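See below for the structure under consideration.
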Ligand code: PGA
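Residue numbers (my numbering): 15 to 316.
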């Protein structure tokens, strides 16, 4: 059997998308080049790795075995790279980090401060929602992840480094602004502008309302906190967002925090990686930096 690393790389991308065209896009290859690599891999092994049923593509048993080994091979190569990086020291290191959409409001500040301390390092930042972060952790795609509650059912090494209170917001002239301790039940009749399914913020809010036995009326859905704030300001509904997203709007008094019973919903930010993952010196240094220094660079609006 004669396998090449390129074939394994292409195979892993096809498994990820179960689609030749999307795998080709990710790898910057043409679609025929991708299917040729897979055909050669299948010829080498003497078994089919995928089957096409109607429009959908599935892995065969042999494909699943190949994927398990393919992932191990890529992880091992990654580890070898980390070992060499650690011999070279921190100087030329690379840091790949993914953060929850909401964490992007402060992550860039942390990265800027860190890269000033370590000139010469290269940083790649992916901003995405909780569901994608979980998949990335599962596939060991990034050095470190910053998110709310660590994902369940996955072994990770997670450290909390900062509070993440979720507050209820309304436009400046709203009737409820200034009222004290508004009972949560009041809001079963209000409509909320909410984040998309898959967002950590959204599931935390839903959990909170469920625990209090109050109906959570989801109105318009949006994938960005910025859009939610603008929608609330325009009167499309109330919002519940992390206080980290609100610095400017509170300063300029364009949005107000409502005083609601049992609020804020208290959450924490975590920095984490898969359990047992060997961190590069840069990733290790960044994790320590976040755990020890984050509070100096991130102000929570009062
Ligand atoms: P979100 O995640 O931006 O996807 O809502 C925040 C979180 O993980 O708490």
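Note that CB positions come from ideal geometry on N, CA and C, so glycine has one too. Predicted model only: the values in this text are computed from it and were never measured.
For residue 191, no alpha helix (DSSP H) encloses it, and the DSSP letter there is neither H nor E. In the three-state reduction of the DSSP assignment, residue 22 falls in the helix class. Between residue 108 and residue 291, the alpha-carbon positions lie close to 16 Å from each other. Taking the C-beta atoms as reference points, residue 166 is found no nearer than 9 Å to residue 289. With a beta-carbon spacing of about 36 Å, residue 68 and residue 114 fall beyond the 8 Å limit used to define contacts. By the criterion of at least three beta-carbon pairs nearer than 8 Å, the segment 130–145 is not in contact with the segment 73–93. The closest heavy atom of the ligand PGA lies less than 8 Å from the beta carbon of residue 213. Residue 169 carries a coil assignment under DSSP once its states are collapsed to helix, strand and coil.
For residue 185, the uninterrupted beta strand (DSSP E) segment begins and ends at 180–185. Taken through DSSP and simplified to helix, strand or coil, residue 257 comes out as helix. Judged by beta-carbon spacing, residue 118 lies beyond the 9 Å limit of residue 150, meaning their Cβ atoms are not closer than that value. Straight across, the Cα-Cα distance linking residue 62 with residue 53 is about 9 Å. The way I'd put it, the segment 125–133 doesn't touch the segment 193–205; fewer than three beta-carbon pairs between them come closer than 8 Å. Here the alpha carbon of residue 287 sits roughly 14 Å from the alpha carbon of residue 175. Residue 232 is a Cβ neighbour of residue 205, given a cutoff of 9 Å. Taking a 10 Å sphere around the C-beta of residue 42, we find fewer than 16 other C-beta atoms and assign the residue as exposed. Membership of residue 234 in the beta strand (DSSP E) is indicated by the continuous run 232–236. Cβ contact annotation for residue 44 (same chain, cutoff 8 Å, sequence separation greater than five): 38, in chain order.
The beta-carbon distance between residue 116 and residue 256, rounded to whole angstroms, is 5 Å. This is short enough to meet the 8 Å contact definition. Under DSSP, residue 174 forms a beta bridge with 284.
In this structure, residue 232 has its beta carbon at no less than 8 Å from each heavy atom of the ligand PGA. If you check the CB distance, residue 32 and residue 71 come in under 9 Å.
In the DSSP assignment, residue 142 falls within the beta strand (DSSP E) that extends over 136–142. For residue 228, the three-state secondary structure derived from DSSP is coil. Bridge partners of residue 48 according to DSSP: none are assigned. Residue 117 has its CB nearer than 8 Å to a heavy atom of the ligand PGA.
Within the same chain, 165 come within 6 Å of residue 148 by CB-CB distance, once the 5 residues on both sides are set aside. As computed with DSSP, residue 209 is found in a beta bridge with 236. Its Cα nearest to that of residue 300, the residue 159 stands out among 216, 181, 18, 159.
Going by beta carbons, residue 272 and residue 190 fall inside the 9 Å limit. Residues 186, 247 of the same chain have their beta carbon placed closer than 7 Å to that of residue 268, with the five preceding and five following residues left out of the count.
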